[in-house]
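**Q** Sequential numbering from 71 applies to the sequence shown in the working numbering.
Built from N, CA and C at the ideal position, the CB exists for glycine as well.
Before I ask anything, here is the structure I am working with.
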Amino acid sequence: MSNLFVLCLGLGTVFVGLICIIVLCKLMSAICTKFSKKPVQPAVTAAPVAAPAAPATAAIPNRQALIAAVSAAIAEEMGTDVSKIRILSVQKI
Numbered sequence: 071m072s073n074l075f076v077l078c079l080g081l082g083t084v085f086v087g088l089i090c091i092i093v094l095c096k097l098m099s100a101i102c103t104k105f106s107k108k109p110v111q112p113a114v115t116a117a118p119v120a121a122p123a124a125p126a127t128a129a130i131p132n133r134q135a136l137i138a139a140v141s142a143a144i145a146e147e148m149g150t151d152v153s154k155i156r157i158l159s160v161q162k163i
């Protein structure tokens with residue numbers, strides 16, 4: 071068997087399998103919606119009310135715990151000791 075034949079056979083098998091999975095998903099979706107107790111209808115909700123914007127200098131609760139967690143995560147990612155990490159400022163994005 072040539073390499074091209076093996077390549078085409080492999081690609082064909084993969085795409086036929088993917089097409090079968092898509093068809094089965096569509097079929098199961100149709101069966102589930104047909105036999106469901108109540109029809110699926112989009113929920114009607116009121117327009118969302120905009121929340122008041124928090125001030126830019128809002129206090130962060132448990133600031134020391136937040137700084138400790140952030141510095142520990144950064145130290146772990148960098149593979150260094152926590153004492154070598156210096157966080158200068160923390161701002162809410």
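1) Give the DSSP-derived three-state secondary structure of residue 139 in the structure shown.
2) Out of curiosity, what's the CA-to-CA distance linking residue 98 and residue 161?
3) In this structure, how does DSSP classify residue 132 when only helix, strand and coil are distinguished?
4) With C-beta atoms as the reference, is residue 137 less than 7 Å away from residue 144?
5) Please report how far the alpha carbon of residue 77 lies from the alpha carbon of residue 147, in whole angstroms.
6) Rounded to whole angstroms, what is the Cα-Cα separation between residue 135 and residue 94?
**A** Once the coordinates are examined:
1) Residue state, collapsed to three classes: helix.
2) As the crow flies, the alpha-carbon of residue 98 is around 48 Å from that of residue 161.
3) Coil at residue 132, not helix or strand.
4) Judged by their CB atoms, residue 137 and residue 144 are not nearer to each other than the 7 Å cut-off.
5) The straight-line gap from Cα to Cα measures roughly 41 Å.
6) If I take the Cα positions, the gap works out to 50 Å.
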